[in-house]
Every structure is written in structure tokens, then in C-alpha cells.
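So the sequence shown is numbered by the working numbering: it starts at 9 and just counts up by one. First the structure, in the form of C-alpha cells, and then the observations on it.
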Amino acid sequence: MKIHNFSAGPAILPQVVLKEAAQAVENFENLGLSILEVSHRSKEIVSVMNEAQTLVKELLHLGDDYKVLFLTGGASTQFFTIAMNLLNPEETACYVDTGAWSTKAIKEVHNFGKVNVLASSKASNYNYIPKDWLVPANTKYLHITSNNTIYGTQYKTYPKSDKAILVADMSSDIFSHTFDATQFGLIYAGAQKNLGPAGTTLVIVKKDILGQVTREIPTMLDYRTHIKKDSSFNTPPVYPIYVCLLTLRWLQGQGGLKAVEANNRKKADLLYREIDRNPFFKGVAAVEDRSSMNVTFVANNEAHGAAFLEYCTANGISGIKGHRSVGGFRASIYNAMPLESVAYLVDLMKNFKPE
Ligand SMILES: *Cc1c(COP(=O)(O)O)cnc(C)c1O
9 MKIHNFSAGP AILPQVVLKE AAQAVENFEN LGLSILEVSH RSKEIVSVMN
59 EAQTLVKELL HLGDDYKVLF LTGGASTQFF TIAMNLLNPE ETACYVDTGA
109 WSTKAIKEVH NFGKVNVLAS SKASNYNYIP KDWLVPANTK YLHITSNNTI
159 YGTQYKTYPK SDKAILVADM SSDIFSHTFD ATQFGLIYAG AQKNLGPAGT
209 TLVIVKKDIL GQVTREIPTM LDYRTHIKKD SSFNTPPVYP IYVCLLTLRW
259 LQGQGGLKAV EANNRKKADL LYREIDRNPF FKGVAAVEDR SSMNVTFVAN
309 NEAHGAAFLE YCTANGISGI KGHRSVGGFR ASIYNAMPLE SVAYLVDLMK
359 NFKPE
């Protein structure tokens with residue numbers, strides 16, 4: 009039986025990417041060597057790094073005022089690295105609290121400067137994106153979480169920020185739609201949701217926002233170290249970066265982000281339409297903030313929920329159980345998820361007849 013992987017992360021990757029990635033473990037570019045045993049200083053790996061950086065910039069239409077980095081430590085390490093690199097002790101960073109990941113990011117800031125939480129949807133278990141807030145003058149940077157993996161909410165338009173540097177955690181919706189990336193000073197994303205395997209974190213940084221803090225930054229945590237050395241100051245996670253490169257090539261081959269977005273739209277519409285139609289289920293997130301990546305829904309009757317989960321498992325659906333803080337179901341339909349798998353899930357929902 010074919011297994012359809014709806015896991016929130018680590019998550020599905022395109023089949024062709026998995027095949028090529030497996031091939032490279034056995035024999036990388038006909039070197040007679042595994043990619044796992046090749047020096048990161050070899051010309052083949054330097055070329056992997058360069059092409060991955062170039063493709064990120066091409067997909068997002070970014071120029072040389074930005075630098076693309078592949079770092080380690082996950083998105084979670086970025087939570088404090090951002091504040092450490094951007095914020096002086098007397099300066100203020102503003103955050104919008106849209107869930108557990110925002111909360112974790114907010115928690116780190118006080119070690120480096122002041123933090124102002126402009127709005128939070130916590131009181132309603134983060135089922136919407138707060139929009140009624142303003143960025144005060146003298147804000148150093150404004151941080152948002154573009155897609156809230158656990159709750160299934162997503163910004164449809166990004167806040168305008170004239171003076172403050174706009175920073176986004178895009179871990180779960182990077183490369184899923186077109187947007188003006190030049191409005192951001194810094195974008196980061198753990199690879200394992202929408203880009204590659206766990207083990208590397210994509211950081212896209214506008215170079216001129218750096219060098220403005222007075223503290224001494226440890227070498228490995230200073231973005232400028234990695235900018236200078238093209239993400240190879242120390243041994244980078246070569247294999248995860250290579251798998252990201254394969255995914256980036258695949259995205260480009262789909263026709264770029266416009267085409268990827270159209271496909272994601274189709275998948276999300278199909279699934280939300282069924283959630284709204286089917287009397288056994290209801291959506292969790294506010295309709296206008298519904299994520300095109302993580303679709304959260306619950307059964308109207310708890311016993312039916314347990315039965316549907318069993319029905320899914322018996323029919324080859326994997327990873328669809330909702331996060332414990334939300335319950336119900338979460339169908340993660342990242343870029344690599346084929347429309348056919350979403351249609352398959354929708355058919356199961358249609359055919360589901362609880363006792
Ligand atoms: C998964 C996730 C993270 C955490 O990523 P790690 O790489 O595991 O640290 C952070 N932010 C969002 C939005 C996520 O979905």
C-alpha cells in the first residue's frame with residue numbers, strides 16, 4: 009500500500025529528490041565516492057553551496073545586497089542569534105505572538121535587549137493572526153512567524169515596516185508562494201518542513217543590517233563570519249544542504265514560485281472545501297487566516313475523530329494526527345505533497361461513515 013505522508017516535519021520531499029539523494033550517497037557525481045565522505049573544500053561541494061545560494065536568490069528575486077546562508081542549530085538557534093546580532097541592550101524588538109514558535113522566539117530576546125509583544129492570539133489558542141497593531145517608532149526590528157505550523161494559520165499579507173527591520177520565521181512556508189522578499193531584512197527557516205532534511209537552517213540576510221551592535225558576538229554566532237566564508241567557516245552540514253539543493257532545482261523545474269503557489273492553492277482549496285462541506289468535520293483556524301501548508305481540523309464528535317484516525321491509518325495516511333495542543337487532525341500539504349495525495353485524503357473523508 010502506498011503511504012501518503014502528511015507529517016508536519018520532518019516532512020515529505022519530492023520523490024525525484026529522494027532518488028537523487030540516495031544515488032549521491034552511493035556515488036556522488038561519478039567520483040566513485042559517497043557525498044558523505046567528500047571534503048567540504050572540494051570543488052564539487054563548493055559548487056553545491058554556490059548553486060544552492062544562487063537558486064534561493066533566483067526563486068526569491070534577491071540581489072547581491074542579500075546573503076544566503078546554510079547554518080546549523082535549527083530555527084530554534086535563530087531565535088536568539090537574531091537578537092544577538094541585531095539588538096543593542098537599550099533597543100527594542102517587537103514581536104507578534106501567533107503561537108508556540110513565536111513564544112519561544114520571544115523568550116530569548118530579553119538576554120540581549122528589550123522586547124515588546126505587540127499582539128497575541130493566545131487567548132483563543134492561536135486560531136487567528138492578530139492584525140490590529142502598530143509598530144512603535146524606534147523599533148529595531150519586527151519579528152513575525154509567517155506560518156504557524158501547529159495551529160494552521162498563515163499571514164496572507166505581510167506587515168509594512170518602514171523603519172524597523174522586518175524579520176520572519178518562514179520555517180513551514182518558505183518557497184510556497186510568491187512575495188516581495190526585498191521588504192525583509194532577515195528570513196530564516198529550518199529546512200525540514202519545506203526544503204530538505206533536518207540538519208540545516210536557511211538564513212537569508214540583508215548585509216547592511218549587520219554590524220550595528222556593540223556587544224562582542226561569539227564567532228560561530230556572528231552572521232558576518234558565515235557571510236565572509238560562504239557558510240563554510242567550519243564544516244557545514246554538506247548532505248542536508250545537498251538535499252536542499254535538489255529541492256531548489258525541483259522548485260525551479262516546477263516553474264518557480266508562481267507555479268508552486270498555484271499548485272499549493274489547488275491542494276488547499278480541495279481540502280478546505282471538503283472540511284467545510286463534510287458534516288463530520290470542522291476547520292480550526294479562522295477562515296481568512298487559513299494556512300495553505302498545515303490544514304487543521306477536528307471531528308465534531310470526539311468518538312468520530314478516533315474512528316477517522318484509525319480509518320486513515322488503515323488506508324495508508326501517515327502523520328495526520330493533530331498537535332497535542334490543538335487535537336484533531338493536521339494535514340501538512342507542503343510543496344512536495346502531490347495533488348493526488350490530497351485528493352486521496354478528501355476521498356477518505358467523503359467515504360468515512362462513522363458507526
Ligand atoms: C518547526 C518549526 C521551528 C523549529 O525548528 P527547528 O529547526 O526544529 O529548531 C520553528 N519555527 C517554526 C514556524 C516551525 O514550524
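The beta carbon of each residue, even a glycine, is placed where N, CA and C say it ideally should be. In this text, all values refer to a predicted model and were calculated from it rather than measured experimentally.
DSSP places residue 162 within a strand segment (E or B) once states are collapsed to three. About 6 Å separates the beta carbons of residue 67 and residue 183, which is inside the 8 Å limit, making them a contact pair.
Under the three-state reduction of DSSP output, residue 313 falls in the helix class. A residue is called buried when at least 16 other Cβ atoms come within 10 angstroms of its Cβ; residue 106 meets this threshold and is buried. Rounded to the nearest whole angstrom, the CA to CA distance from residue 337 to residue 349 is 16 Å.
Per DSSP, the unbroken alpha helix (DSSP H) holding residue 84 starts and ends at 82-94. The stretch 84-103 and the stretch 143-157 touch, with no fewer than 3 CB-CB distances between them shorter than 8 Å.
With a cutoff of 6 Å, residue 111 does not count as near ligand 1, since its C-beta is closer than that to no heavy atom of the ligand.
Within the chosen limit of 6 Å, ligand 1 does not reach the beta carbon of residue 327 with any heavy atom.
By the neighbour-count criterion, in which 16 or more other beta carbons inside 10 Å mark a residue as buried, residue 295 falls on the exposed side.
With contact defined as three or more Cβ pairs closer than 8 Å, the stretch 253-261 and the stretch 161-181 are not in contact. Counting along the chain, residue 230 sits inside no beta strand (DSSP E), nor does DSSP assign it H or E at all. Around the C-beta of residue 89, 16 or more other C-beta atoms lie within 10 Å, and the residue is accordingly described as buried.
Residue side-chain check: residue 83 places its Cβ nearer than 6 Å to a non-hydrogen atom of ligand 1. DSSP places residue 209 inside the beta strand (DSSP E), whose first and last residues are 209-214. Cβ-Cβ distances below 7 Å link residue 307 to 288, 289, 313, 316, 336 in the same chain, with the five nearest sequence neighbours on each side left out; the list follows chain order. Only residues of its own chain outside the window of five on either side were considered, and among them 184, 185, 300, 301, 341, 343 have a CB closer than 8 Å to the CB of residue 272, listed in chain order. DSSP places residue 218 in the coil class of the three-state scheme, outside both helix and strand.
Of 63, 36, 284, the smallest CA-CA separation from residue 51 is found for 36.
Within the stretch 22-55, complete beta strand (DSSP E) segments of at least 3 residues are not found at all. Residue environment: residue 158 is assigned as buried (16 or more neighbouring CB atoms within 10 Å of its CB, all protein chains considered). Listed as beta-bridge partners of residue 177 by DSSP are 153, 196. For residue 179, the shortest separation between its Cβ and any heavy atom of ligand 1 lies below 6 Å.
As DSSP reads the structure, residue 79 sits in a beta bridge with 209. The criterion of a C-beta distance shorter than 7 Å is not satisfied by residue 293 and residue 85. According to DSSP, residue 325 shares a beta bridge with 12. The nearest non-hydrogen atom of ligand 1 is 6 Å or more from the C-beta of residue 208. A direct Cα-to-Cα measurement between residue 112 and residue 87 gives close to 7 Å.
The Cβ atoms of residue 80 and residue 109 do not sit closer than 7 Å to each other. Cα atoms of residue 31 and residue 260: separation of roughly 21 Å, rounded to the nearest angstrom. Of the other Cβ atoms in all chains shown, 16 or more fall within 10 Å of the Cβ of residue 298; this residue is therefore buried.
In this structure, residue 346 keeps its C-beta atom at 7 Å or more from the C-beta atom of residue 200.
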